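Everything below concerns the one structure shown next.
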Amino acid sequence: MKSIGIVLFDGFPMMSLSCITEPLRVANRENHHPVFEWKMITEHGQPVSSSSNIKLSVDHCFNSDFQPDILLVLTSYYPEKTVTKSSIEFLRKHATRNILMGCVDTGALLFAKSGLLKNRKAAVHHESLKALRDPYAANVFVDLLFDFSETFCSSAGGVATLDMTLALIAHFNGKTLAAAVAKAINYRPLASTFSQLELGKDWSVSRLDKRLADAIQIMLENIDEPVPISNIATQLELEGWQLRRKFQKYFGATPARYYLNLRLENARALLKNSQKSVGDIGIQCGFSNIESLSRSYKTRFGIQPSKDRDY
C-alpha cells in the first residue's frame, strides 16, 4: 500500500483536494483491497480552512515522523504566504528521500523557492502563469493542464487534478485500474491522460496488434501538430494500404478519420474541463482556424463547440 501525505495551507482549494482523494478512494474500492492511504499535514498539525471556508482536521505536522511514499502540496491563491523557512526545510527534507512529490497550481512556487524545480517543470493555471514566471526561466512553469513523471507531478488546478491523480494511480497500480476509476466517476480523461492509461503494453489494442497501438500512440503524441498518415506508416515500416487495413479491421474507420476523432475528443475534453477559448483549443488540437474546428466538431458531435461547454 502506498501512503500519501497531502500538505495543506490555509486557503487551499477544496475542489483540488477532492480531485485527489476521491479517485484514490474509488481506486481502493475498484481494486477490492486498499492500495492507497492518505494523511493530511499542516505545519503545526492544527486544523486548516479551505478557500471555501471548510475547516478540516489533520493527521500530522511538519515535525512528525510520518514518511509518506508520495507527497502532494496544496497551497492557497496567495502562495507567497506559504514560502517560509519551515515549509522549505520540510520539502527539502522529503526530497532527499527520492519519493514522488507533486503540487497543484500555485504550490509550484513553494517548490521553486525550495530549489526543487531544477530540471523539472510544473503545470500551473494560465491565470497564474505570468506572475509566477517572471523571476524564473520560461520552461519552469508551463501552460499544461497536468504533468507527470516518476519523480514529480503537477496540475494546473481544478478538474485537471483528476487527470494528475489518474496518472498517479496508473503509475503505481496499472492503467487498467486507472481506467476503471475514470469510468466509475463518469470522467473522460484528456487524450494525454488516455495515452498513459490505455495505450501501454497491457492495453487490448497492443495485445491484438502492436503496430496499430504504436500508430495510435504517435497520433496521441501529436495532437497539436498532426503528422501525415503517410509519415506514420513510414515510421512503422508499413505501406499505406496496410495501415488503412488495420484501422478498418479494428475500428471501421480510416487512419485519418480515427486521428481526426482523437483530436476532436481532446478538443471536447478541453472545452468541458478548461477555460481556454475555442480558438486556443482549436490550435492545441491541430486545427488551423476556428471555422475548421467548428465544422468538424459539429459533424462529429452535432453541436457547435462554443455551445458545448458546461458553463
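Throughout, the working numbering is defined as the position within the sequence shown, counted from one, plus 1. Ideal Cβ placement from N, Cα and C applies to all residues, glycine included. Since the model is a prediction, treat every value here as computed from it, not as a measurement.
Cα-Cα separation between residue i and residue j, rounded to whole angstroms
{"i": "Ile219", "j": "Ala180", "result": "20 Å"}
{"i": "Asn54", "j": "Pro14", "result": "10 Å"}
{"i": "Trp39", "j": "Met2", "result": "10 Å"}
{"i": "Lys94", "j": "Gln68", "result": "10 Å"}
{"i": "Asp332", "j": "Cys62", "result": "Examination of residue 332 is not possible in this model, given that the chain is present from 2 through 312 alone."}
{"i": "Ser50", "j": "Glu44", "result": "13 Å"}
{"i": "Ala109", "j": "Phe142", "result": "8 Å"}
{"i": "Trp204", "j": "Ile304", "result": "For Trp204, the pLDDT reaches just 38, beneath the cut-off of 50, and the residue's location in the model is therefore unreliable, although a value from the coordinates is still provided. Computed Cα separation, rounded: 31 Å."}
{"i": "Ser307", "j": "Arg269", "result": "10 Å"}
{"i": "Lys202", "j": "Asn174", "result": "Legend: pLDDT at Lys202 = 34, less than 50; position of this residue unreliable, no value from coordinates given."}
{"i": "Ser17", "j": "Thr76", "result": "10 Å"}
{"i": "Asn99", "j": "Ile282", "result": "36 Å"}
{"i": "Glu222", "j": "Ile233", "result": "12 Å"}
{"i": "Asn120", "j": "Leu169", "result": "20 Å"}
{"i": "Ser295", "j": "Val228", "result": "21 Å"}
{"i": "Ile230", "j": "Asp215", "result": "13 Å"}
{"i": "Leu239", "j": "Val182", "result": "36 Å"}
Simplified DSSP assignment, three categories, for residue i
{"i": "Phe302", "result": "helix"}
{"i": "Asp148", "result": "strand"}
{"i": "Ser58", "result": "coil"}
{"i": "Ile21", "result": "helix"}
{"i": "Gly103", "result": "strand"}
{"i": "Lys122", "result": "coil"}
{"i": "Met41", "result": "strand"}
{"i": "Ile71", "result": "strand"}
{"i": "Phe173", "result": "helix"}
{"i": "Phe248", "result": "helix"}
{"i": "Val182", "result": "helix"}
{"i": "Phe142", "result": "strand"}
Closest by C-alpha distance to residue i, when choosing among the options
{"i": "Cys104", "options": "Gly6, Ala234, Gln249 and Ile217", "result": "Gly6"}
{"i": "Asp106", "options": "His126, Gly116, Pro306 and Ala216", "result": "His126"}
{"i": "Glu128", "options": "Leu9, Thr76 and Ala157", "result": "Ala157"}
{"i": "Ala124", "options": "Gly159, Ser115 and Glu90", "result": "Gly159"}
{"i": "Met56", "options": "Gly12, Thr152, Val74 and Asp215", "result": "Note that residue 56 is Lys in the sequence shown, not Met. With distances taken between Cα atoms, Lys56 lies closest to Gly12."}
{"i": "Glu81", "options": "Lys114, Met102 and Leu72", "result": "Lys114"}
{"i": "Leu271", "options": "Tyr298, Lys122, Ser52 and Ala96", "result": "Tyr298"}
Endpoints, beta strand (DSSP E) assigned at residue i
{"i": "Phe288", "result": "Careful: Phe288 lies outside any beta strand (DSSP E) and carries neither H nor E."}
{"i": "Leu237", "result": "Leu237 -> no beta strand (DSSP E), and no H or E assigned at all."}
{"i": "Ser156", "result": "Phe153 to Ser156"}
{"i": "Leu9", "result": "Lys3 to Leu9"}
Residue i: first and last residue of the uninterrupted alpha helix (DSSP H) it sits in
{"i": "Ser51", "result": "Taken as a continuous stretch (DSSP letters only), Ser51 belongs to no alpha helix (DSSP H), as it is neither H nor E."}
{"i": "Asp215", "result": "Lys211 to Leu221"}
{"i": "Phe112", "result": "Gly108 to Lys114"}
{"i": "His95", "result": "Lys86 to Ala96"}
Beta-carbon gap between residue i and residue j smaller than 7 Å
{"i": "Ala132", "j": "Phe147", "result": "no"}
{"i": "Asn267", "j": "Cys286", "result": "yes"}
{"i": "Asp210", "j": "Lys176", "result": "no"}
{"i": "Val42", "j": "Val8", "result": "Looking at the sequence shown, residue 42 is not Val but Ile. Cβ atoms of Ile42 and Val8: closer than 7 Å."}
{"i": "Tyr259", "j": "Phe252", "result": "yes"}
{"i": "Ile186", "j": "Val27", "result": "yes"}
{"i": "Leu237", "j": "Arg264", "result": "no"}
Neighbour flag for residue i against chain C, beta carbons, 7 Å
{"i": "Ile89", "result": "Included in the structure is just one protein chain, with no chain C present."}
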